[in-house]
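First residue of the sequence shown: 1, per the UniProt record's numbering; consecutive thereafter.
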Amino acid sequence: MTAKRAVIDTNVLISAALTTGTPPSLVTHFLLEHGRLLFSRETFAELETRLWRPKFDRYLTLEDRQALLHDFSAAAEWVELDQDDHDRKRFSRDPDDDKFVWTAMVGDAEWLVSGDTDLLDLASVLEKIRILSPAQALELIRQPD
Numbered sequence: 001m002t003a004k005r006a007v008i009d010t011n012v013l014i015s016a017a018l019t020t021g022t023p024p025s026l027v028t029h030f031l032l033e034h035g036r037l038l039f040s041r042e043t044f045a046e047l048e049t050r051l052w053r054p055k056f057d058r059y060l061t062l063e064d065r066q067a068l069l070h071d072f073s074a075a076a077e078w079v080e081l082d083q084d085d086h087d088r089k090r091f092s093r094d095p096d097d098d099k100f101v102w103t104a105m106v107g108d109a110e111w112l113v114s115g116d117t118d119l120l121d122l123a124s125v126l127e128k129i130r131i132l133s134p135a136q137a138l139e140l141i142r143q144p145d
């Protein structure tokens with residue numbers, strides 16, 4: 001599989017951090033090693049906010065979370081979203097998901113990986129970006145070129 005430019009939504013990234021050997025984990029690791037993971041300030045802020053929630057205390061130490069955020073930040077290609085991007089067309093039923101679509105669009109991502117049905121339902125709407133579940137992305141990764 002050829003390396004891809006991709007945006008991965010927050011829930012998939014957190015799932016990847018909490019589990020090993022699962023589609024979210026395998027896809028995230030593949031894209032970190034062989035692709036390009038795209039973040040905007042807005043998508044990273046959501047990851048940061050969610051990762052610091054107390055419900056993750058029993059799964060990840062504070063040090064683990066700091067290291068994870070540092071590693072994602074260092075490995076990422078950063079995309080700058082203009083305020084105009086936020087004021088443009090809405091895509092998702094959940095307006096909070098639009099930041100992932102805009103990051104993918106502005107960053108010329110080939111994939112947006114998500115388990116969120118509000119985003120997955122956009123697969124037929126966006127022409128240049130494939131919106132995939134982690135399982136679908138893993139299936140494509142495993143296909144020979």
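We put the CB at the ideal spot given by N, CA and C, even for glycine.
| Check | Outcome |
| --- | --- |
| Reducing DSSP to helix, strand and coil, say where Ala6 ends up. | strand |
| Could you say which of Asn11, Trp111, Asp121 and Pro144 lies nearest to Glu46 if we only look at CA atoms? | Asn11 |
| I believe Ile129 touches Leu140 by the beta-carbon criterion, under 8 Å. Please report the beta-carbon distance rounded to the nearest angstrom. | With a Cβ gap of about 14 Å, Ile129 and Leu140 do not count as contacting. |
| Please confirm whether Asp97 and Asp82 have their CB atoms less than 8 Å apart. | no |
| Under 8 Å, do Arg36 and Arg65 count as touching if we go by C-beta distance? | no |
| Rounded C-beta distance between Phe39 and Val101? I'm assuming under 8 Å. | Not a contact, Cβ separation roughly 14 Å. |
| Since Ile129 is in the alpha helix (DSSP H), which residue starts that stretch and which ends it? | It is not in any alpha helix (DSSP H) - Ile129 carries neither H nor E in the DSSP assignment. |
| Taking the Cβ atom as the reference point for each residue, do Leu26 and Leu138 lie within a distance shorter than 8 Å? | yes |
| Taking the beta strand (DSSP E) that Phe39 falls in, what are its first and last residues? | Arg36 to Ser40 |
| Alpha carbon to alpha carbon, how far is Pro54 from Phe30? Give it in angstroms, no decimals. | 29 Å |
| Could you compute how far the alpha carbon of Leu132 sits from the alpha carbon of Gly21? | 18 Å |
| In angstroms, rounded to a whole number, what distance separates the CA positions of Arg41 and Leu13? | 16 Å |
| Assuming contact is defined by CB atoms lying nearer than 8 Å, are Pro134 and Pro23 in contact in what I supplied? | yes |
| Quick one: grab the DSSP three-state call for Leu122. | coil |
| With DSSP run on the structure shown, which of helix, strand or coil describes Leu81? | coil |
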